[in-house]
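Each residue of the sequence shown is one higher than the one before, starting from 235 at the first, in the numbering used here. C-beta: ideal position from N, C-alpha, C; glycine also. Keep in mind it's a predicted model, so treat the numbers as computed, not measured.
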Amino acid sequence: CATHCAKRVAEGKKEHLKTLQTCQDCATHCSAAASIVARMGPFSDLICQACAEACKRCGDECMKHKEDPMMKRCADECRRCEQACREMLKHMTARK
235 CATHCAKRVA
245 EGKKEHLKTL
255 QTCQDCATHC
265 SAAASIVARM
275 GPFSDLICQA
285 CAEACKRCGD
295 ECMKHKEDPM
305 MKRCADECRR
315 CEQACREMLK
325 HMTARK
């Protein structure tokens, strides 16, 4: 998604700049969440909450460009990731 947005910005579509930044930040959140949860870190719940919110915001931003099929797919993927984080969070809180 970020690559697609970067290409759009390079083509002069400046409205994709915020989406590009959102996608980059979201990817960083997802990477951190994967790493912390994989090692069952004590902040797993915190990073899952943050990741779910980042995915929600990223999906919202991508949906602003839903007429672009790639952006629609990105938004859908963000929604799936958000749901996965929220499901993971439910399992974490059930273990406590």
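Item to check | contact_flag[the stretch 314-323, the stretch 275-290] where n(CB pairs < 8 Å) is 3 or more | outcome: yes
Checklist entry - DSSP state of residue 274, grouped into three classes? => result coil
Item to check | Same chain only: Cβ atoms within 6 Å of residue 322, ignoring 5 sequence neighbours per side | outcome: 282
Item to check | Secondary structure, alpha helix (DSSP H): runs of 4+ residues fully inside the stretch 251-326 | outcome: 251-272, 278-297
Checklist entry - residue 310: which of 302, 301, 293 sits nearest, CA to CA? => result 293
Checklist entry - Who are the near neighbours of residue 296 in its chain, counting only those whose CB is closer than 7 Å to its CB and skipping five residues on each side? => result 235, 253, 305, 308, 309, 312
Checklist entry - Could you check where the alpha helix (DSSP H) with residue 247 kicks off and where it finishes? => result That residue, residue 247, is in no alpha helix (DSSP H); it is neither H nor E in DSSP.
Checklist entry - So what's residue 235 in DSSP terms, helix, strand or just coil? => result coil
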